[in-house]
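Below: the structure, in structure tokens.
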Amino acid sequence: MRPPTRNRTSRPLQPKASGASKGGGRSARRRARELALQGLYQWLLSGAEPGVVEAHIRDMDGFSKCDRAHFDALLHGGIEQAAALDAVLVRHIDRKTELLSPVEHAVLMIGVYELLHCLEVPYRVAINEAVELAKAFGGTDGHKYVNGVLDQCAAELRPAEARPTRT
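Each number in our numbering comes from the position in the sequence shown (counting from 1) with 2 added on.
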């Protein structure tokens, strides 16, 4: 599936000045998510072939320190299953996916992919990691939107795990 081409240039996705991409104590898995986000962002904007996107991302600084298997799963799984991921998203968002910010769209794709296919990742971790990506790369309040949408997706996709506890 090829995303709709947008009238935007495909510029590199840069984190905000919060230090998200400076290396710090980020885990290999977090690096994989950040790089997959950049790849999905590029794919959403340009519609480039997955191999071209992957080659570009693999040339980036810090790629050697990421969890390559998780990166491959998120990037290629996100692209290959974009229609299925969007089908889940449209049940929980207030607009067409084409109208989402490409950063928030890519973050939501990663979050839904992890909720569906990475069952070893607790749903709260998947949501928190997506929120952190949105804080680092997205708009001012994009992380709040991502959190709300993924909370609803988790209730649908992992009902036993995401069931609220009674007090």
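Every residue gets a Cβ at the ideal spot worked out from N, C-alpha and C, and that includes glycine.
- Excluding the 5 residues flanking it on each side, Lys98 has same chain C-beta neighbours closer than 8 Å at Val92, in chain order.
- Put simply, of Ile129, Asp63 and Ala157 the residue whose alpha carbon is nearest the alpha carbon of Lys146 is Ile129.
- With 16 or more other Cβ atoms inside 10 Å of its own Cβ, Ala156 counts as buried.
- The C-alpha of Glu51 lies about 13 Å from the C-alpha of Tyr43.
- If you draw a straight line from the Cα of Val105 to the Cα of Arg160, it comes to about 24 Å.
- Short of 7 Å from the beta carbon of Val109, and not among the five residues preceding or following it, lie these beta carbons of its own chain, in chain order: Leu39, Ala132, Leu135, Ala136, Gly140 and Val148.
- Excluding residues up to 5 positions away in sequence, Glu106 and Ala136 lie with their Cβ nearer than 6 Å to the Cβ of Gly144 in the same chain.
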